[in-house]
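> Each residue of the sequence shown is one higher than the one before, counting from 1 in full-length UniProt numbering.
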Amino acid sequence: MFRRSCEAIFGGYAHVVIEYPLWVISSSVVLCSILTAYSGYYHHGTIDFDPKKGFETRGTHLSAARLTLNAIHREQVKAERILRWFYESDINRKGRDVKEKYSTSPSITNSTSEPISVDYDDYGVSPEPNASDLEDPCESFAALGDKIPFEVVEYLAKIMIKVRSYEELFSVPTMKHLCRLDQVVEETIFVTNFTNPAANLKHSFNIPLYTTCPNLKTANTCDAINEKDVSDFRRLLELCRRNSTEAICSASSINQVIHFLLPKSQSKQNIISVVLKVTMYNGKDREFYDQLEKNLAKYLGDSESTQLVGVSFYLKDKIFVESLRNDTILAGISAFLVFFCFLVYSRSVLFTFFILLIVAFSTTVAFFIYSVILGIDFFPFINLLVVVLLVSIGADDAFLLLVYFRREVKKLSNLEYKIGTIYIPLYRKTDLIARSLRLSLHHALSSMFVTSLTTAIAFLTNLASPVLVLRCFGIFACITIITNYVLVLLILPAAIILIKPVRTQHSRFRVTKIGDEISKWEISHRCALFVHGLKYVITFLAIVISIACAIVVIYKPGMQLPRYNPTKLLVDSNRHEFFDNNLHFFDFEWKRSPRLVQNFALGIPLIKSSNSLSITSNPSSLSLTSNFELTREKLNTYKNIFREIASKYEKNATSWAEAAWNSKDECFKRKIITSACVMKFAASTDHLPYEFPDDSAVLPSDGPLINNDFEIFGYFFSIPTQERLRVDADAIERVFGEIDGTCLKLKSLTDDVPLCLSSSEITRFYDIISQLKSSSLSSVLISIGICLLVVVLCTRVLTLSIFALIIIFFIILWTIAVLALLGRTIGEGTEVTIKTTIEPLSCVLVAPKVVSSWQLSVVESTILVITIGLSFDYTLHYAVGMREAKLAPMVEKIGEVHSTAGVACSLGAVTLFLAGAPLLFSQTAAFSQVGTMLVVLSFTSIFGAAVVFPAFIAVFNCKRVLVTRM
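Given below as structure tokens:
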């Protein structure tokens with residue numbers, strides 16, 4: 001019954017596209033154009049290439065906690081409003097006296113009173129560094145941390161320089177060359193007319209300028225650098241790195257070099273940093289920073305000993321957006337190569353144009369469904385990868401249909417009428433084409449349906465990931481694949497009827513020699529003999545290689561999570577990305593005041609995002625609990641809790657709860673403490689509530705949470721830890737371990753459910769890292785499981801489906817293993833280290849031994865899903881071809897499949913390679929890694945489908961494999 005229904009549907013469809021091709025094409029084009037214009041005009045605003053957006057989670061406990069924390073920050077009343085309320089409500093107090101009393105409060109930001117001035121002459125110190133003090137580099141360095149706060153370093157531009165060796169770094173020529181970097185900076189400032197906010201700094205923090213500081217007899221200039229001072233300074237550095245307790249090592253200048261300018265480990269001395277005397281990019285004077293990078297690169301490149309490899313100008317996001325635009329040109333080159341390849345094979349410009357039209361409309365119609373029908377208001381940059389993938393996928397389907405169509409034309413052209421058989425009139429070319437197309441559609445559509453459905457399902461399993469950009473990518477990719485399949489069904493057969501792309505003796509184009517050879521049955525038969533003759537060797541090698549690849553993927557090097565840079569935007573060779581990848585080798589957090597913070601809020605319900613696919617679904621207001629009350633009993637509990645959890649980090653921390661508990665105000669003696677009582681106490685005793693959350697907090701704090709309606713809606717604890725604020729997965733994991741422990745303790749001490757997390761950004765980072773591996777694994781398992789079911793239902797041959805899934809699993813393993821190994825070895829020992837993830841610094845600089853691995857960040861997770869989605873196609877084409885092949889000896893069966901599906905898959909592999917090769921030159925990490933994946937997959941997928949799969953069938957075949965239907 002089901003089969004008859006399918007045949008009836010197919011018959012009606014074939015009748016429409018064959019009899020009314022012009023109507024089908026024109027109506028499809030008009031409808032797609034309308035949908036494209038509508039979505040482009042009304043929903044173009046959903047396209048957002050900001051790299052910071054979307055790299056967050058939805059649907060996890062921490063994502064809900066983070067949304068709640070952001071809502072608390074918006075809802076919390078400002079201290080100024082509490083003071084204003086206090087002034088206006090206390091009519092018995094003289095307003096002038098009150099204002100004078102509180103004019104010096106650090107919590108008041110809108111005070112109009114005169115600022116306090118201090119005569120520093122009374123204390124024997126200068127109010128700020130004098131210009132004359134900063135002219136001397138050694139005096140300038142000594143002022144850091146004294147007259148110049150350490151926080152200044154955070155806002156200064158920085159560069160990383162590769163030196164040939166540690167010995168050469170401490171040579172006089174290299175030191176003098178590095179010393180003159182400030183001349184390059186000053187010349188660039190002059191040429192670009194740059195206004196430097198850090199103009200008071202006369203010197204960059206640069207190693208050569210430190211070498212003469214210990215010797216008071218040597219002038220502190222670049223020309224005065226000499227062998228003795230350099231050697232003495234080198235020995236001093238080595239002494240202090242071995243034993244920092246030496247008295248001479250307490251000098252601030254020595255510690256600046258050790259922490260800021262040299263890497264932490266002695267074994268990683270091939271790279272140094274320089275803190276320039278200019279601030280980072282602040283939104284203007286972009287020309288200066290671009291020119292500065294060029295000038296520094298040229299100047300350092302003039303010496304064989306130095307090379308500029310990393311910069312930190314706070315420009316990476318802008319560089320990414322600009323690189324993304326440039327990479328779209330490379331994607332256009334990929335599309336041109338793919339369509340040119342199809343043009344060579346089809347020898348029809350018009351037919352190739354229809355393929356281009358299908359690919360273009362597949363993307364735009366998918367965007368209509370994505371933004372209008374599904375209502376998703378966020379289109380991240382990573383969705384652009386779908387366009388690149390669609391170019392090769394669309395070409396694959398076109399190749400498959402055209403190969404089957406030409407095969408049927410050839411068969412029917414040589415068909416001889418036999419007495420007693422049904423006569424089919426094929427003497428007219430139109431009848432021949434219509435009949436051939438109907439037969440080719442019958443064979444090709446099932447194969448295209450299976451591959452399109454499995455690819456779409458593989459992409460859709462990204463919904464199992466809580467990372468927002470991965471969900472958006474999975475949905476858009478799935479919609480695009482399905483839309484492409486529908487348009488192929490509608491436009492491509494109708495185009496064949498209109499264009500008639502068949503080979504005839506009087507064709508204007510002559511068939512190339514290569515095309516003739518590929519189409520010959522003898523070539524396919526020889527390939528089949530080769531595979532069948534070596535079937536045991538091929539099967540054994542495939543199993544061994546797969547086991548080895550499994551070890552590479554799972555064990556060593558494996559897919560490790562990124563520790564320092566989870567949202568890599570640019571390729572590793574890019575100077576801006578290189579700096580972020582290597583930042584952890586330097587101790588820039590030395591003397592940094594802000595710490596990783598533990599935040600706890602009591603009495604507040606979790607807010608969950610109403611839309612798991614929206615970037616703008618953050619709640620604008622906080623839904624308060626109606627039963628939260630601040631009681632005297634709770635105040636006592638909070639006092640004890642603060643004392644216990646804060647004492648680990650700060651012995652003398654002052655608790656708001658304890659101050660309120662000890663207050664003589666009678667309102668604190670009552671059972672229920674009102675918000676009026678709290679605000680009166682806060683304003684009258686300089687205990688105004690701290691801002692919560694405070695990401696730059698250095699001291700523990702606590703206090704009630706009061707909203708803009710002056711209602712108490714919760715209570716908070718903010719506890720800075722011993723870990724300095726930085727992006728380090730290990731340190732953050734330790735902090736969250738402490739947070740979880742404290743959270744369990746809070747649950748046992750109070751009835752109010754606690755909200756437990758760190759700052760919003762640190763929580764976002766930790767949540768992504770903690771979810772990536774499990775979500776990627778679940779996506780892989782779900783996609784493979786569902787696709788197995790789809791393949792079984794479509795082929796209705798269980799054993800054949802199982803063999804196909806085994807080969808597909810092998811292809812996935814091979815591809816991921818090669819990507820992991822390429823991530824360790826590409827660019828080894830060269831300047832352009834495209835894929836090295838820089839675990840030991842020596843990998844980047846001299847690469848004597850490479851041990852770093854491919855890290856599973858957000859981009860790599862996307863590549864993993866794409867790999868799975870594309871790994872199904874060729875093997876499934878072969879599986880469907882095996883099922884449809886006539887009953888014959890195995891060699892002939894393999895040869896027949898090679899001559900049809902094999903030709904289409906081979907051409908598809910060529911287009912896959914052509915689509916990926918130009919992207920290898922991309923600057924964005926996503927496009928570069930997709931290009932690498934496509935190139936690798938073009939080899940692994942065709943090898944698995946055309947060689948290993950037939951060998952498996954031949955080895956394990958008992959004829960039941962191909963004839964037993966379910």
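Just so you know, even glycine gets a beta-carbon here, dropped at the ideal spot from N, CA and C.
Which stretch, first to last residue, makes up the alpha helix (DSSP H) that contains D229?
Where D229 is concerned, the enclosing alpha helix (DSSP H) stretches over 227-242.
> Can you name the residues that DSSP bridges to G394?
BP columns for G394 are empty, so no partner.
> Using only the alpha-carbon positions, how far apart do S103 and I732 sit?
Below a pLDDT of 50, predicted positions are generally treated as unreliable, and S103, at 46, falls in that range; no measurement from the model is reported.
> Out of V338, I373, K568, point me to the one whose CA is closest to Q855's CA.
The candidate whose alpha carbon is nearest that of Q855 is K568.
> Count Cβ pairs between the stretch 404-413 and the stretch 449-465 that sit closer than 8 Å; are there 3 or more?
When C-beta atoms of the stretch 404-413 are compared with those of the stretch 449-465, fewer than three pairs fall below 8 Å, so the two segments do not count as touching.
> Quick check on A528: buried or exposed, where buried means 16 or more other Cβ atoms within 10 Å of its Cβ?
By the Cβ-count criterion, A528 is buried, with 16 or more other Cβ atoms from all chains shown falling within 10 Å of its own Cβ.
> Can you find the residues in the same chain that come closer than 8 Å, C-beta to C-beta, to T218, ignoring five residues on each side of it along the sequence?
T212, A224, N226, D229
> What's the call for D751, buried or exposed, on a 16-neighbour Cβ count within 10 Å?
exposed
> Using the DSSP secondary-structure output, state which residues sit across from T57 in a beta bridge.
V467
> Check whether the stretch 309-326 and the stretch 285-301 touch, using three or more Cβ-Cβ pairs below 8 Å as the test.
They touch, by the three-pair rule.
> Identify, in the order they occur along the chain, each residue of the same chain with its Cβ nearer than 6 Å to the Cβ of A951, setting aside the five sequence neighbours on each side.
V531, K535, I538, T539
> Please report the straight-line C-alpha distance between F956 and I786, rounded to a whole angstrom.
24 Å
> Between the stretch 766-773 and the stretch 739-755, do three or more beta carbon pairs fall short of 8 Å?
no
> For the stretch 342-362 against the stretch 484-496, do three or more pairs of beta-carbon atoms, one drawn from each stretch, fall closer than 8 Å, so that the two count as touching?
yes
> Using DSSP bridges, identify the partner residues of L156.
Assignment of beta-bridge partners to L156 by DSSP yields T279.
> Hey, could you find the ends of the beta strand (DSSP E) Q923 is sitting in?
In the DSSP assignment, Q923 falls outside any beta strand (DSSP E), carrying neither H nor E.
> Which of helix, strand or coil does DSSP assign to K217?
coil
> Sorry if obvious, but does the Cβ on E238 come closer than 7 Å to a heavy atom of the ligand MG?
With respect to the ligand MG, the structure shown offers nothing to examine, as it has no ligands at all.
> At what residues does the beta strand (DSSP E) containing E723 begin and finish?
712-724
> Would you mind listing the beta strand (DSSP E) stretches within the stretch 297-384 that are 3+ residues and don't spill past its ends, in chain order?
306-312
> Please state whether DSSP places T742 in a helix, a strand or coil.
helix
> Straight-line CA distance for F205 to Q76?
Roughly 41 Å separates the two Cα atoms.
> Round the Cβ separation of T815 and L937 to the nearest angstrom and send it over; I've been treating them as touching at under 8 Å.
5 Å
> What distance in whole Å lies between the Cβ atoms of K639 and A657, which are believed to be in contact at a cut-off of 8 Å?
4 Å
> Could you name each continuous alpha helix (DSSP H) segment of 4 residues or more that falls completely within the stretch 888-953, going from the start of the chain to the end?
890-897, 903-916, 925-943
> Look up C222 in the DSSP assignment and say whether it is helix, strand or coil.
coil
> Quick one: what's got a C-beta closer than 8 Å to S758's C-beta in the same chain, skipping five residues either side?
L596, V597, Q598, N599, I732, V735, F736, I739, Y766
> Does the beta-carbon of S27 have 16 or more other beta-carbons within 10 angstroms, so that it is buried, or is it exposed?
exposed
> Can the beta-carbon of T480 be found less than 8 Å from the beta-carbon of A398?
no
> Does A683 come out as helix, strand or coil in the three-state DSSP assignment?
DSSP places A683 in helix when its eight states are reduced to three.
> Taking F600 as part of the beta strand (DSSP E), name the residues at either end of that continuous run.
595-602
> Assign T57 to buried or exposed, taking buried as 16 or more other Cβ atoms, counted over all protein chains shown, within 10 Å of its Cβ.
buried
> Please tell me whether K202 and L134 are closer than 8 Å, where the distance is taken between their beta carbons.
yes
> Going by C-alpha to C-alpha distance, which of F943, L460, Q929, V947 sits closest to A331?
Q929
> Assuming I207 contacts V152 (C-beta within less than 8 Å), just tell me the rounded distance between them.
Actually they are not in contact, since the Cβ atoms of I207 and V152 sit about 19 Å apart, beyond 8 Å.
> Verify whether the separation of the beta carbon atoms of R876 and S447 is less than 8 Å.
For the sequence presented, residue 876 should be read as Leu rather than Arg. It is a contact, given that the beta carbons lie within the stated cut-off.
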